[in-house]
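First to last, the protein sequences are chains F and Z.
Everything in the first sequence is counted per our numbering, starting at 1 for the first residue and increasing by one.
Everything in the second sequence is counted per our numbering, starting at 1001 for the first residue and increasing by one.
Notes follow the structure.
Number of protein chains: 2
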Amino acid sequence: MSKPRSRRGGGRPTIADVARRAGVGAITVSRALREPGRVSEDLRRQIQAAVDELGYVPDPNARALASARAEVFGVLVPSLTNNVFAEVVRGIYDSLSDSPFRIQLGNTHYSGLEEERLLQVFGPQRPAALIVAGIDQTPTARRLLETAGCPVVQVMETGPDPVDMLVGFSHLDGGRAATEHMIEAGYRRIGFIGARMDPRSQRRLAGYRTAMETASLFDPRLVTTTPVPSSIPLGRELFRDALAKVPTLEGVFCNNDDIALGVLFECHRAAIAVPKTIGITGFNDLDMMQSAFPSITSIRTPRYEIGRRAVAMALAAISGKRPEQRIVDLGFELRRRESTAR
Amino acid sequence: MSKPRSRRGGGRPTIADVARRAGVGAITVSRALREPGRVSEDLRRQIQAAVDELGYVPDPNARALASARAEVFGVLVPSLTNNVFAEVVRGIYDSLSDSPFRIQLGNTHYSGLEEERLLQVFGPQRPAALIVAGIDQTPTARRLLETAGCPVVQVMETGPDPVDMLVGFSHLDGGRAATEHMIEAGYRRIGFIGARMDPRSQRRLAGYRTAMETASLFDPRLVTTTPVPSSIPLGRELFRDALAKVPTLEGVFCNNDDIALGVLFECHRAAIAVPKTIGITGFNDLDMMQSAFPSITSIRTPRYEIGRRAVAMALAAISGKRPEQRIVDLGFELRRRESTAR
DNA sequence: CAATTTCTTGGTAGCGCTACCATCCCCTTC
DNA sequence: GAAGGGGATGGTAGCGCTACCAAGAAATTG
Chain F
1 MSKPRSRRGG
11 GRPTIADVAR
21 RAGVGAITVS
31 RALREPGRVS
41 EDLRRQIQAA
51 VDELGYVPDP
61 NARALASARA
71 EVFGVLVPSL
81 TNNVFAEVVR
91 GIYDSLSDSP
101 FRIQLGNTHY
111 SGLEEERLLQ
121 VFGPQRPAAL
131 IVAGIDQTPT
141 ARRLLETAGC
151 PVVQVMETGP
161 DPVDMLVGFS
171 HLDGGRAATE
181 HMIEAGYRRI
191 GFIGARMDPR
201 SQRRLAGYRT
211 AMETASLFDP
221 RLVTTTPVPS
231 SIPLGRELFR
241 DALAKVPTLE
251 GVFCNNDDIA
261 LGVLFECHRA
271 AIAVPKTIGI
281 TGFNDLDMMQ
291 SAFPSITSIR
301 TPRYEIGRRA
311 VAMALAAISG
321 KRPEQRIVDL
331 GFELRRREST
341 AR
Chain Z
1001 MSKPRSRRGG
1011 GRPTIADVAR
1021 RAGVGAITVS
1031 RALREPGRVS
1041 EDLRRQIQAA
1051 VDELGYVPDP
1061 NARALASARA
1071 EVFGVLVPSL
1081 TNNVFAEVVR
1091 GIYDSLSDSP
1101 FRIQLGNTHY
1111 SGLEEERLLQ
1121 VFGPQRPAAL
1131 IVAGIDQTPT
1141 ARRLLETAGC
1151 PVVQVMETGP
1161 DPVDMLVGFS
1171 HLDGGRAATE
1181 HMIEAGYRRI
1191 GFIGARMDPR
1201 SQRRLAGYRT
1211 AMETASLFDP
1221 RLVTTTPVPS
1231 SIPLGRELFR
1241 DALAKVPTLE
1251 GVFCNNDDIA
1261 LGVLFECHRA
1271 AIAVPKTIGI
1281 TGFNDLDMMQ
1291 SAFPSITSIR
1301 TPRYEIGRRA
1311 VAMALAAISG
1321 KRPEQRIVDL
1331 GFELRRREST
1341 AR
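Right under this line is the structure:
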């Protein structure tokens, strides 16, 4: 009876303490903090003073419990170390840093099952919004997204049938544009080298294939892929394989920039002239591509911008106004550089 | 009165629903889930069946409120895109993926103030543990860590006076080892090139300086630094600057691998022979270093392992058994490669 | 000036869970 | 056989906050 308050809490001031000190009801403090417009100027000032003096910070857990909604964005990406997703995540963090929302990040390791599991963990938290990479969720994952009861933004791709909202670009078109560029540059026996063939890489491959077939240049032996995770060393290895298979190879469109850089290094080592003997095109256009020697042609993808836009759309949806566009295609850009300047 | 339950919750089953169905008290369900050993085999089975049938998942927010402790690890890193921290974070995620703990990641952008702000946001959540990068917290941040009321692990460095626990390695020793290696390899006019001179880079520079002074080779003009964030293009630029200042430069120890790769590319472009005319050493040993041509000498740092160990120590502390070692030095390893094989 | 609307403010009752304490039962122990 | 101990189970009372509803004051209306 003596100190009922300090029993469990760590002695941190609660909303009741602030209310007492400011001489108002607890609910008014709550309102002053969340909807200042609905509290009179006078009380607001008084309450603010009490908050400052006490160093009061609302307990997000209590808040989430009472309002059945946590101020949390759930974010699901397939990799934390892949620079591409790191950039998307950075865009999300930057856009949310001035908001009350926290971020809960999940790493799916490119696994649909892991994605399901994480969605199951995120759900009970009642996040304010969910941002997930890709559009190839398992049926279960898709159902979890549909029934999450919050805005959902799928990112990195474009497509006709998002769960809710979608921001990205067409990997198929990107793959095609890269390949067409190489064809225009005069390359004929153009290989495709791809590691970790996730759905997006598959679509890039499809774009490559379309372009090659249209030009009557397609040959299945030109395609070298592996499910192994992408890396620079792997790029070197796959390029050696590709060259062994097709010694007359004239160029390669790489699944991503790591692979492209591996190819470049292997060319250096084997004293193969780039772009004369072999042309190289990457995908994503990490900043190292323009600094490499020779600089490497790549498809610039708007990763950071995707993160920002996803948050903007989610925020709009949370505040009630559904964005006019549910599907946003941010496009990509071909950056022509020395590696394909034949 | 008619449907008091569905008023606010989303109709999700609660612990009371499970208890009713299993014919036990709510508290027993709670116990069966958290401390199965304290509930009889029979009831446990019964409860599990009810949980499965209802699809019950505990509400983490309610749990956190009632127990004054959230199952959350707060993690603070200075960058999300820097591969070094991405690896640490990956280690943390991998170590926690089978645990009930969620992760709340904060990006300090290398700013002490931002770190304070994030700590202030994390605190009220009552995280189960905090993992923060570096040992150079502001006094305020340090106080926040000390009063967080949970295990705290500082990572990436080593030092005598951690807030609580510490896992990392000595950047000073790393910088010295790299420099000594270059001296032994026969280089004399060895430059230091560093971008974003955060505290860790400062210590690497100090290690470089120590080694150079010991060998009576130090000259302030050999040092080229900038507060600008590190990148491969910047490495090229800084190397050009360094060379302009000291045309007789024989080698460079780079603050990190991005810079080193930039230097390598610039050497290619300017047709400077590596390692003959210029030797290059990086720091961190990202996997591209061994694949570059020529391959680049670097200091291998145990980033992933640091993340794992930090979690292991925090977990031990949470379960009561303070680890015998509060300070763990995981060391580093010099990887000699072609870029310094004179 | 009464009636109505709008704005402020507060009280009450939970949100779903767990800490704490009480109870009950079964087994030892002397 | 009574007393004591330990394990299993449950009831009660919050954790700190906000949704909902009510009420009074102020502003607007006819």
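Even for Gly, the Cβ is constructed at its ideal location relative to N, Cα and C.
Here the structure is a predicted model, which is why all the values come from computation and not from measurement.
- Contiguous alpha helix (DSSP H) elements confined to the segment 1190–1221 of chain Z occur at 1199–1214, taking only those with 4 or more residues.
- Interface flag for residue 1132 of chain Z against chain F is unset, since no Cβ pair is found closer than 8 Å.
- Burial check for residue 1200 of chain Z: the Cβ neighbour count within 10 Å reaches 16 or more, so the residue is buried.
- Of the other Cβ atoms in all chains shown, fewer than 16 fall within 10 Å of the Cβ of residue 1325 of chain Z; this residue is therefore exposed.
- Counting only the Cα atoms, residue 1206 of chain Z lies some 30 Å from residue 1270 of chain Z.
- Contact note: residue 81 of chain F reaches chain Z through 1083, 1086, 1087, 1090, using a C-beta cutoff of 8 Å and chain order.
- Not flagged as an interface residue toward chain Z: residue 255 of chain F, since no C-beta distance is shorter than 8 Å.
- Per DSSP, the beta-bridge partners of residue 132 of chain F are F:76, F:154.
- Contact residues of the segment 1064–1077 of chain Z toward chain F are 1064, 1065, 1068, 1070 (C-beta to C-beta distance below 8 Å).
- Distance between residue 138 of chain F and residue 154 of chain F, taken at the CA atoms: about 14 Å.
- When CB distances to chain Z are screened at a threshold of 8 Å, the residues of the segment 287–311 of chain F falling below it are 287, 288, 290, 291, 292, 293, in chain order.
- With a threshold of 16 other beta carbon atoms within 10 Å, residue 1113 of chain Z falls short and is exposed.
- Around residue 46 of chain F, the same chain offers 22, 23, 24 as residues with beta carbons nearer than 8 Å, after the five sequence neighbours per side are excluded.
- Chain Z has a Cβ within less than 8 Å of the Cβ of residue 232 of chain F.
- In this structure, residue 342 of chain F keeps its C-beta atom at 8 Å or more from the C-beta atom of residue 298 of chain F.
- Under the Cβ criterion (8 Å, minimum of three pairs), the segment 1229–1247 of chain Z does not count as touching the segment 1171–1178 of chain Z.
- Annotation for residue 88 of chain F: the continuous alpha helix (DSSP H) segment containing it runs 83–96.
- The alpha-carbon of residue 1224 of chain Z is positioned some 6 Å away from that of residue 1194 of chain Z.
- Relative to residue 1040 of chain Z, the option among Z:1028, Z:1276, Z:1016, Z:1123 whose CA is nearest is Z:1028.
- Residues of chain Z whose Cβ lies closer than 7 Å to the Cβ of residue 60 of chain F are, in chain order, 1124, 1125.
- Under the 8 Å Cβ criterion, the segment 1068–1078 of chain Z does not count as touching the segment 69–78 of chain F, having fewer than three qualifying pairs.
- Judged by beta-carbon spacing, residue 126 of chain F lies within the 8 Å limit of residue 64 of chain F, meaning their Cβ atoms are closer than that value.
- Taking C-beta atoms under 8 Å as the contact rule, residue 1196 of chain Z and residue 1229 of chain Z qualify, at a distance of about 5 Å.
- Residue ranges of uninterrupted beta strand (DSSP E) with 3 or more members, entirely inside the segment 1291–1330 of chain Z and ordered along the chain, are 1298–1300, 1327–1329.
- Listed along chain F, the residues sitting closer than 9 Å to residue 1057 of chain Z by beta-carbon distance are 120, 121, 123, 124.
- For the segment 1091–1119 of chain Z, the beta-carbon criterion of a distance under 7 Å to any beta-carbon of chain F is satisfied by 1093, 1102, 1103, 1104, 1105, 1107.
- Residue environment: residue 309 of chain F is assigned as buried (16 or more neighbouring CB atoms within 10 Å of its CB, all protein chains considered).
- Residue burial annotation: residue 55 of chain F is exposed, with fewer than 16 other C-beta atoms found within 10 angstroms of its C-beta.
- Contact note: residue 1265 of chain Z reaches chain F through 291, 292, 293, using a C-beta cutoff of 7 Å and chain order.
- Residues 264, 267, 280, 294, 339 of the same chain have their beta carbon placed closer than 7 Å to that of residue 274 of chain F, with the five preceding and five following residues left out of the count.
- Between residue 252 of chain F and residue 191 of chain F, the C-beta gap is smaller than 8 Å, which places the two residues in contact.
- Nearest CB-CB separation between residue 1261 of chain Z and chain F: below the 8 Å threshold.
- For residue 1236 of chain Z, the chain F residues whose C-beta falls within less than 7 Å of its own C-beta are 291, listed in chain order.
- For residue 179 of chain F, the enclosing alpha helix (DSSP H) has its first and last residue at 171–184.
- When Cβ-Cβ separations below 8 Å define contact, residue 269 of chain F makes contact with chain Z.
- The beta carbon of residue 1095 of chain Z lies closer than 6 Å to those of 1308, 1311 in the same chain, with the five residues before and after it left out.
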